């Protein structure tokens with residue numbers, strides 16, 4: 018290999034490494050900036066960033082206020098009222114349940130499991146148990162498992178026999194990151210373990 022070709026290959030390698038570092042940082046900063054400008058526009062604040070600060074402060078203040086007995090009673094009454102309005106009930110309940118699934122004391126995505134999709138268990142998917150009993154739906158012995166999609170905010174809900182679900186001895190946050198990243202994100206493999214042979218004969 019000539020010196021020119023070697024130098025070009027080295028420059029290409031540096032460019033790829035720089036791209037892997039720069040692109041995620043730039044995209045994250047850009048999205049955050051768009052969110053800040055969007056919030057500032059909604060509140061009509063001319064100073065960039067003040068809108069998001071005001072929003073965070075207001076949300077925190079509301080959270081602190083709900084810890085008071087009187088405010089908690091008012092919030093409870095408002096919650097019951099919104100649950101009774103037909104169309105509003107659907108939107109309100111869905112949003113509340115979705116937020117509770119990720120944050121708060123009623124988080125649902127905490128039980129990471131392996132779901133066997135085939136009879137012999139050779140094909141499986143990773144997900145989170147969201148309901149351990151479905152008797153109220155006429156499905157005794159079944160569990161509901163949410164399967165997040167990779168590189169997406171969507172997912173699928175599957176109902177399977179409880180015998181096909183195996184709990185994972187791993188942190189739910191790590192499992193979610195592993196699924197959403199398509200298996201790319203996660204803790205590095207133990208170098209002392211032998212590689213797993215793929216159908217092509219190569220180790221992973």
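In this note's numbering, the protein residues as written are 18 to 221. Think of the CB as a built atom: it goes at the ideal place given N, C-alpha and C, for glycine as much as any other residue. The structure displayed is predicted, hence computed values, not measured ones.
Return the CA-CA distance between residue i and residue j, expressed in angstroms with no decimal places.
i	j	result
residue 112	residue 95	15 Å
residue 189	residue 129	6 Å
residue 59	residue 73	14 Å
residue 187	residue 126	13 Å
residue 55	residue 196	30 Å
residue 151	residue 133	19 Å
residue 83	residue 62	27 Å
residue 98	residue 75	23 Å
residue 153	residue 100	20 Å
residue 222	residue 51	This structure cannot settle anything about residue 222, because the visible part of the chain is limited to 18 through 221.
residue 156	residue 164	19 Å
Does the Cβ of residue i have 16 or more other Cβ atoms within 10 Å, making it buried, or fewer, making it exposed?
i	result
residue 166	exposed
residue 32	exposed
residue 114	exposed
residue 181	buried
residue 66	exposed
residue 161	buried
residue 80	exposed
residue 68	buried
Just grab the DSSP bridge partners of residue i for me.
i	result
residue 103	In DSSP, residue 103 forms no bridge with anything.
residue 159	178
residue 26	For residue 26, which the question treats as bridged, DSSP gives no partner whatsoever.
residue 148	161
residue 130	144, 184
residue 169	None; residue 169 has no bridge partner.
Cβ of residue i within 7 Å of any heavy atom in the ligand ATP?
i	result
residue 62	As for the ligand ATP, it is missing from this structure, which has no ligand bound.
Which ranges does the beta strand (DSSP E) cover as unbroken runs of at least 3 residues, wholly within the stretch 46-85, from first to last along the chain? The qualifying runs do not exist here; there are none.
Below 8 Å, how does it come out for the stretch 144-156 and the stretch 97-109: are there three or more Cβ pairs, yes or no? Result no; under three Cβ-Cβ pairs closer than 8 Å.
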